[in-house]
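*Asks:*
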Amino acid sequence: MDGLKPRIADAMHRQSQPTVTVLSTLLAVQDELGFIPKQGIEEVAAFTSSTINEVWAVASFYPNFRFEPPCLHQVEVCWGASCHLVGAMPLIEAALQASGLETEGDTSDGRLTLRYNTCLGACSQAPVMAIDHHLIGRATPESAKARIAELLAEQNG
Amino acid sequence: MASFEEIAAESQQRWEELTAGGQPWIRVGTALCGKAAGCDAVIASIEAALEQNGVAAQLSQVGCLGLCFAEPLVDVQLPGGPRVFYGNVTPDMAAEIVSNHVAGGSPLAHLALGYLAAGGPDEEVDSTLAGIPDLNQHPMRVLENRVALRNAGTIDPGDIHQYIAYGGYHALNRALTEMTPEEVLEDVKTSGLRGRGGAAFPTGVKWGFLAGSNAPQKYILCNCEEGDPGAFNDKAILESDPQTLVEGIILAGYATGTSHAYIFIRHGHDGPIDRARAAVVQAQEMGFLGENILGSDFSFHLEVALTGDSYVAGEESALMEAIEGKRAMPRYRPPFPAAVGLFGKPSNINNVKTLAYVPEIIAKGGEWFAGIGHDKSTGTVIICLTGDLKYTGMIEVPLGINLKDVLYQAAGGVPDGKALKFVQTGGPLGGVLGADNIDIVLDFDILRTAGAILGSGGVIAADEDNCVVDLTRALIAFCQYESCGKCFPCRMGMSHLLEVLERICRLEGVPEDLDLMRKVGQDMQAGSLCGHGQLGFNPVASALRYFGEEFETHILNRRCPTEVCSAPRFSPVSSRR
Chain A
1 MDGLKPRIAD AMHRQSQPTV TVLSTLLAVQ DELGFIPKQG IEEVAAFTSS TINEVWAVAS
61 FYPNFRFEPP CLHQVEVCWG ASCHLVGAMP LIEAALQASG LETEGDTSDG RLTLRYNTCL
121 GACSQAPVMA IDHHLIGRAT PESAKARIAE LLAEQNG
Chain Y
158 MASFEEIAAE SQQRWEELTA GGQPWIRVGT ALCGKAAGCD AVIASIEAAL EQNGVAAQLS
218 QVGCLGLCFA EPLVDVQLPG GPRVFYGNVT PDMAAEIVSN HVAGGSPLAH LALGYLAAGG
278 PDEEVDSTLA GIPDLNQHPM RVLENRVALR NAGTIDPGDI HQYIAYGGYH ALNRALTEMT
338 PEEVLEDVKT SGLRGRGGAA FPTGVKWGFL AGSNAPQKYI LCNCEEGDPG AFNDKAILES
398 DPQTLVEGII LAGYATGTSH AYIFIRHGHD GPIDRARAAV VQAQEMGFLG ENILGSDFSF
458 HLEVALTGDS YVAGEESALM EAIEGKRAMP RYRPPFPAAV GLFGKPSNIN NVKTLAYVPE
518 IIAKGGEWFA GIGHDKSTGT VIICLTGDLK YTGMIEVPLG INLKDVLYQA AGGVPDGKAL
578 KFVQTGGPLG GVLGADNIDI VLDFDILRTA GAILGSGGVI AADEDNCVVD LTRALIAFCQ
638 YESCGKCFPC RMGMSHLLEV LERICRLEGV PEDLDLMRKV GQDMQAGSLC GHGQLGFNPV
698 ASALRYFGEE FETHILNRRC PTEVCSAPRF SPVSSRR
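Order-wise, the sequence lines are chains A and Y. At position 70 of the first sequence (counting the first as 1) the number is 70 in the numbering used here, and the numbers step up by one without a gap. If you count the second sequence from 1, you need to add 157 to reach the numbering used here.
(1) How many Å lie between phenylalanine 704 of chain Y and leucine 658 of chain Y at the Cα?
(2) My output table needs one value for valine 212 of chain Y: the three-state DSSP class, helix, strand or coil.
(3) Near serine 370 of chain Y, which residues of its chain fall below 8 Å by C-beta distance, leaving aside the five closest residues on each side in sequence?
(4) Please return the same chain residues whose Cβ sits closer than 6 Å to the Cβ of glutamine 400 of chain Y, not counting the five positions on each side in sequence.
(5) Would you give the residue range spanned by the beta strand (DSSP E) that lysine 578 of chain Y belongs to?
(6) Work out the CA separation of leucine 564 of chain Y and valine 299 of chain Y for me, nearest whole Å.
(7) If you reduce the DSSP assignment to three classes, tell me which class serine 732 of chain Y lands in.
(8) Quick check: asparagine 257 of chain Y and leucine 270 of chain Y, are their CB atoms within less than 7 Å of each other?
(9) When you compare the CB of isoleucine 394 of chain Y with every CB in chain A, is at least one pair closer than 7 Å?
(10) For the candidate residues Y:Glu382, Y:Ala724, Y:Leu329 and Y:Ala357, whose alpha-carbon lies nearest to that of threonine 537 of chain Y?
(11) For threonine 360 of chain Y, is the classification buried or exposed, using 16 other Cβ atoms within 10 angstroms of its Cβ as the cut-off for buried?
(12) What is the rounded straight-line gap between the Cα of aspartate 431 of chain Y and the Cα of histidine 417 of chain Y?
(13) Measuring only between beta-carbons, confirm whether arginine 484 of chain Y sits less than 7 Å from chain A.
(14) Between the beta-carbon of leucine 512 of chain Y and the beta-carbon of leucine 342 of chain Y, is there less than 7 Å?
(15) Under 7 Å between beta-carbons, which chain Y residues line up against alanine 126 of chain A? List them in chain order, please.
(16) Please classify phenylalanine 500 of chain Y as buried or exposed, where buried requires at least 16 neighbouring CB atoms within 10 angstroms.
(17) Can you list, in chain order, the residues of its chain whose CB lies under 8 Å from that of alanine 388 of chain Y, leaving out five sequence neighbours each side?
(18) Anything in the segment 626 to 647 of chain Y with a Cβ closer than 9 Å to a Cβ of chain A? List those residues in chain order, please.
(19) Closest Cβ-Cβ distance between glycine 570 of chain Y and chain A: below 7 Å?
(20) May I ask you to list, following chain order, the residues of the segment 530 to 542 of chain Y that have a beta carbon less than 7 Å from some beta carbon of chain A?
(21) Just how far apart, CA to CA, sit glycine 157 of chain A and glutamate 396 of chain Y?
(22) Assuming contact is defined by CB atoms lying nearer than 7 Å, are phenylalanine 35 of chain A and proline 63 of chain A in contact in what I supplied?
(23) With a CB to CB cut of under 8 Å and the five nearest residues on each side skipped, what residues in its chain are close to threonine 19 of chain A?
(24) Return the residues of the segment 584 to 606 of chain Y that lie within a Cβ-Cβ distance of less than 9 Å from chain A, sorted by chain order.
(25) Less than 8 Å between the CB atoms is what I'm expecting for valine 589 of chain Y and phenylalanine 601 of chain Y, so what's the real figure, rounded?
(26) Determine the direct distance from the alpha carbon of arginine 351 of chain Y to that of serine 534 of chain Y, and round the result to whole angstroms.
(27) In whole angstroms, what separates the C-alpha of leucine 175 of chain Y from that of glutamate 167 of chain Y?
(28) Give a yes or no on whether 7 Å exceeds the smallest Cβ distance from cysteine 119 of chain A to chain Y.
(29) Quick one: any contact between the segment 546 to 562 of chain Y and the segment 659 to 670 of chain Y, if contact means 3 or more CB pairs under 8 Å?
(30) I'd like to confirm the pairing. Which residues does DSSP put opposite glutamate 460 of chain Y in its beta bridges?
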């Protein structure tokens, strides 16, 4: 984990906005690494003159922070009301089935993280999912299964 | 620093070169709706086809015109001609459009959705095209009156000169050179503008609280948290015309004697965030932000702040906590933000849409805005139409219009010959209206009386195949997931409501459950610090009001009339609590 230290320091210092806070610094570290390592919590505390307890309080509150290295690919499926009414549930079922997961989380081979999202913001194209932050509108269970199967089967990905 | 007249002249010159300079202009919708529909592949295809055909053209990524159902939406404007729009463009279609229309000069009438007359910001050139309808006659545009969205989908959101050429920053220049802060404030009061974030509080009155404080440090906070499923108009404004928001914020600062402001956006919505950040930098470069704006004594600074995933972060006091870098939990009030707000300083919080109206109000006068709308709901409203509708998207209509007309005329009603069953308005804390109750005037006060709220403008339609109990359960699942956990009546109440609704959906409910939910709802309302808990029972209350019978069928007859409740259900529980 020693290799992370310069990246964490760089991400924290690179923040260009005038208002630097515990939250903004955590977001900067997560953007850089894709997760917040334990060391990151300590570094953020030192950088923002906060206690480790204060940093943990913030990091554990917002569900977009994760504390393990991310998988290779991120799949998000929206379950907001607009998506719910036009087929989010079958989409979630299909995504779970295709990734072999029982609920949101990481596949054991580290290839894919599945997350439920409360609103991906493209409600007019519902149901919506996202693969590696690229939005896919009017998604179907079939298209979701096919895309996830591709991600899992990909070589050298 | 150039004078405003010099800047405006340069913008005008650039605009003329762009529209009449000999090159075709291609615009592609790239807001979240365009992205989800696949605009990136269409842009790649256009770029390749331009090279293949050896033609030079201006290619711009614009925001959302509102016709989201037709995304990816591409329009081509030949020099001096009208804009011809193509809807649901595939990469193959894009190549065909480039070779025939852009390179060959012949619009593809059989593929075109419609045309809009060309002309600059001030002229409307009448130009008609054989076989292509006028896009303004499209159902989604007929009822529209665009104020906040006047430039959306037309100008390049990344080019401040296009905004200025379309009349932008003229209001700020006028305010700084001809008006006192009190006159600007008076104009906003005269306009009758009310907050578009959900509470519909008079904006001028709110600004008056801040203007009345002579504290040396005060803040204007612009809320673009917008976590409501079904509402995307705040993000669409940032993606389509961020400068109208920036100008509105600066005017708010001038009117209230404030020198600092924040735009607050949820982390992860990269499109709106990037547009907002770029807009702030460009406004700084032009001298509209910073010290002594346009040579006046007025100095103003604007910053983009991000929050983590949290719906409650959109609540005004939780928002201030999040900007300070803490957990997004509401504060006790009093003291109110106008007295003790961000970093303990007097603060004013407005929604994106509210502030986006301000430049036009100052440009055309408060009385002009007050002349639009209905009774005490002045101006227009931006509605996001989603769910089971023929045309999904975003329209801006005068308040006072009938919801029924919006659903059946503009959105084209429910597709596939099905009947409308209910609409859900105002976000997860709003309510449902039965299909028999949608003959209602869009007016903040009338909708509230009907048990629904206009909220931030989301209208989700559900056809006859949907179960209202199931939707209510999904809404409460959202509210439970998003409860910040500070007030236990909200934290426990949401969990309790969800437990009961899960039971009813499993067809295991008992007759006492309805009164139990009402009791829990009362406690939440009485014992929660913010709207999340206070209004959290709304979805259940309105569903019971209009669809009590459907709940009873689930409980007494152990039957879901639509059979939706026999399918798997999904209620994630947040790790946060």
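Backbone N, C-alpha and C define an ideal beta-carbon position, used for all residues, glycine too. Values in this document were obtained by computation on a predicted structure and should not be read as measured data.
*Replies:* On the basis of the supplied data:
(1) Reading the second sequence from its first residue, position 547 is the one you call residue 704 of chain Y. Reading the second sequence from its first residue, position 501 is the one you call residue 658 of chain Y. C-alpha separation (whole angstroms): 14 Å.
(2) Residue 212 of chain Y sits at position 55 when you count from the first residue of the second sequence. Of the three classes helix, strand and coil, the one that applies to valine 212 of chain Y here is coil, per DSSP.
(3) Within the second sequence, numbered from 1, the residue matching residue 370 of chain Y stands at position 213. Excluding sequence neighbours, serine 370 of chain Y sits near Ala495, Ala496 and Pro503.
(4) Position 243 of the second sequence, counted from the first residue, corresponds to residue 400 of chain Y. Here the set comprises Ile317, Tyr320, Gly325 and Ala436.
(5) By 1-based counting over the second sequence, the position of residue 578 of chain Y is 421. First-last of the beta strand (DSSP E) with lysine 578 of chain Y: 577 to 582.
(6) As a position in the second sequence, residue 299 of chain Y is number 142, starting the count at 1. As a position in the second sequence, residue 564 of chain Y is number 407, starting the count at 1. The straight-line gap from Cα to Cα measures roughly 13 Å.
(7) Counting from one through the second sequence, the residue named residue 732 of chain Y turns up at place 575. Since pLDDT at serine 732 of chain Y reaches only 46, below the 50 mark, its modelled position is unreliable, and the value read off the structure follows with that caveat. DSSP places serine 732 of chain Y in coil when its eight states are reduced to three.
(8) Residue mapping note: residue 257 of chain Y aligns to position 100 of the second sequence, counting from 1. Residue mapping note: residue 270 of chain Y aligns to position 113 of the second sequence, counting from 1. No, Cβ-Cβ distance for asparagine 257 of chain Y and leucine 270 of chain Y is not below 7 Å.
(9) Looking up residue 394 of chain Y in the second sequence gives position 237. Taking a beta-carbon distance threshold of 7 Å, isoleucine 394 of chain Y does not count as an interface residue toward chain A.
(10) Looking up residue 537 of chain Y in the second sequence gives position 380. That would be Y:Ala357, whose Cα lies nearest to the Cα of threonine 537 of chain Y.
(11) Position 203 of the second sequence holds residue 360 of chain Y. Counting Cβ neighbours within 10 Å, threonine 360 of chain Y comes out buried, since at least 16 surround it.
(12) Position 274 of the second sequence, counted from the first residue, corresponds to residue 431 of chain Y. Position 260 of the second sequence, counted from the first residue, corresponds to residue 417 of chain Y. Approximately 20 Å, taken between the alpha carbons.
(13) Reading the second sequence from its first residue, position 327 is the one you call residue 484 of chain Y. It does; some Cβ of chain A falls within 7 Å.
(14) Indexing the second sequence from 1 puts residue 512 of chain Y at position 355. Indexing the second sequence from 1 puts residue 342 of chain Y at position 185. Contact: no.
(15) Position 126 of the first sequence, counted from the first residue, corresponds to residue 126 of chain A. Here the neighbours are Thr543.
(16) By one-based count along the second sequence, residue 500 of chain Y stands at place 343. Exposed, since its Cβ has fewer than 16 Cβ neighbours within 10 Å.
(17) Here the question's residue 388 of chain Y lines up with position 231 in the second sequence. Same-chain partners within the cutoff: Cys541, Gly584, Gly612, Ser613, Gly614 and Gly615.
(18) Asp627, Leu628, Ala631, Leu632, Ala634, Phe635, Tyr638, Glu639, Cys641 and Gly642
(19) Translated into the one-based positions of the second sequence, residue 570 of chain Y becomes position 413. For glycine 570 of chain Y, not one C-beta of chain A is nearer than 7 Å to its own C-beta.
(20) Cys541
(21) Residue numbering aside, residue 157 of chain A sits at position 157 when the first sequence is read from its first letter. Residue numbering aside, residue 396 of chain Y sits at position 239 when the second sequence is read from its first letter. The predicted model places glycine 157 of chain A with a pLDDT of 47, which falls under 50 and marks its position as unreliable; any figure quoted below should be read in that light. About 32 Å.
(22) Taking the first residue of the first sequence as position 1, residue 35 of chain A is located at position 35. Taking the first residue of the first sequence as position 1, residue 63 of chain A is located at position 63. Their beta carbons are not under 7 Å apart, which means phenylalanine 35 of chain A does not touch proline 63 of chain A by this criterion.
(23) Position 19 of the first sequence, counted from the first residue, corresponds to residue 19 of chain A. Excluding residues within five positions, none has a Cβ falling inside 8 Å.
(24) Listed by position, the residues of the segment 584 to 606 of chain Y near chain A (Cβ gap below 9 Å) are Gly584 and Pro585.
(25) Residue mapping note: residue 589 of chain Y aligns to position 432 of the second sequence, counting from 1. Residue mapping note: residue 601 of chain Y aligns to position 444 of the second sequence, counting from 1. Incorrect: roughly 18 Å between the Cβ atoms, too far for contact.
(26) One-based indexing of the second sequence puts residue 534 of chain Y at position 377. One-based indexing of the second sequence puts residue 351 of chain Y at position 194. Rounded to whole angstroms, serine 534 of chain Y to arginine 351 of chain Y spans 7 Å at the Cα level.
(27) In the second sequence, the residue the question calls residue 175 of chain Y occupies position 18. In the second sequence, the residue the question calls residue 167 of chain Y occupies position 10. If I take the Cα positions, the gap works out to 12 Å.
(28) If you number the first sequence from 1, residue 119 of chain A lands on position 119. So, interface residue.
(29) They do not touch, by the three-pair rule.
(30) Stepping through the second sequence from its first residue, residue 460 of chain Y is reached at position 303. Answer by DSSP bridge pairing, in chain order: Y:Tyr419.
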